[in-house]
Amino acid sequence: MRHGSVTAASQALNISQPAVSRLIADLERSVGFPIFLRKGGKLEPTAEGGQLLQEVERMFYGIERLRQVANEIRDLRRATLHIAAMPMVSLEVMPNAIARLLAERDGIRITHDVHGSARILDLVSSRQVELGIGQMVAERQGIDIIASYRTCCVCAMVPGHPLSGRTELGPRDLKGHPMVALAHHTVAAGYITQIFAEANVQPEIAVESQPSYTACGLAAAGVGIAIVDPLTPRVFRADLRLVPFKPVIPFDFHVFKSAEVPLTRAASTFCRHLFETLEGFGEVARIGP
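This note's numbering puts the first residue of the sequence shown at 30, with every later residue one more than the last.
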């Protein structure tokens, strides 16, 4: 129909003219109606033949579109990924991991929300997000832990603080020094309260604050010493001096998903970049699984 003659069609298809004629005859016999009118060596499509051509072209377009979609899915160009992460990992770890992912697969559409750990667990268990990164604040059914990490809390203070030159600090060292405390409902605050009680030291709380980056901001402003995870103070760079706290206060966090559904390829690819990113932070150790 496009070329108007058997001769032109045979040249386009690189087959003989008799072969083209046989194909036309076979097709007309198969569909049960004439597709072409023969006029002076030319082929003109019948009305029915024109209708058939429209359907064939629509079918071929659909097949081509299906191929394009399959390629986009394969290359993650149509993928979406929704992640909820605690503030501690959202300041440097997540931006670096997301940048690595998009450098490899720039078609993925990512949503990164920042929440407390309890809210993150709710979002993952209800499948509102695919991945969560936070602390396991309570036992939850329907949650699969993909990886677990541990950091150890540090004392963050202004560089000129009288205790800034120490190699480590304990509860008795902090006695009498103003402190910025994390909100009492946090996991770390529970450890800190217990350790100070066991040392029979009453901390001098100047401000109670949450989340940890506001505690670090207060410490950088000279309000007091904050006992926080070691990742959050990194964004304050030269404004804070970090001193290890002893006894060790573990600050564990996990990467988790819903137990009801497997990870998408986009989520699995992100996890690979996340794990590689975390390996570059000396303050973090993988503890399982």
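Cβ coordinates follow ideal geometry from the N, Cα and C atoms, glycine included.
Between the stretch 202 to 220 and the stretch 124 to 144, the count of Cβ pairs shorter than 8 Å is below three; the stretches do not touch. Excluding residues up to 5 positions away in sequence, E57, T75, E77 and G78 lie with their Cβ nearer than 8 Å to the Cβ of P63 in the same chain.
For L52, there is no enclosing beta strand (DSSP E); the residue is part of the alpha helix (DSSP H) that begins and ends at Q46 to V60.
DSSP, read as helix, strand or coil, puts L269 in coil. Secondary structure of S177 (DSSP, three-state): strand. Between the alpha carbons of G246 and L110 lies a distance of about 31 Å. Shown here, L160 sits in a strand according to DSSP, grouped into three states. Here S241 is not near V252, since their CB atoms are 8 Å or more apart. Look at V264 here: in three-state DSSP terms it is helix. DSSP lists S177 as the beta-bridge partner residues of G317. Here the alpha carbons of R138 and A108 stand approximately 6 Å from one another. For the 8 Å CB-CB criterion, I149 and M115 form a contact. Looking at the DSSP output, E237 sits in a beta bridge with A210. Residue pairing of R169 in beta bridges, as defined by DSSP: absent, with no partner found. Residues S177 and R179 of the same chain have their beta carbon placed closer than 6 Å to that of I316, with the five preceding and five following residues left out of the count.
Taken through DSSP and simplified to helix, strand or coil, R134 comes out as coil.
Contact between the stretch 124 to 135 and the stretch 301 to 313 is present: three or more C-beta pairs spanning the two stretches fall below 8 Å.
With fewer than 16 neighbouring CB atoms inside 10 Å of its own CB, L66 falls in the exposed class.
Straight-line spacing of the CA atoms in G199 and P291 works out to 44 Å.
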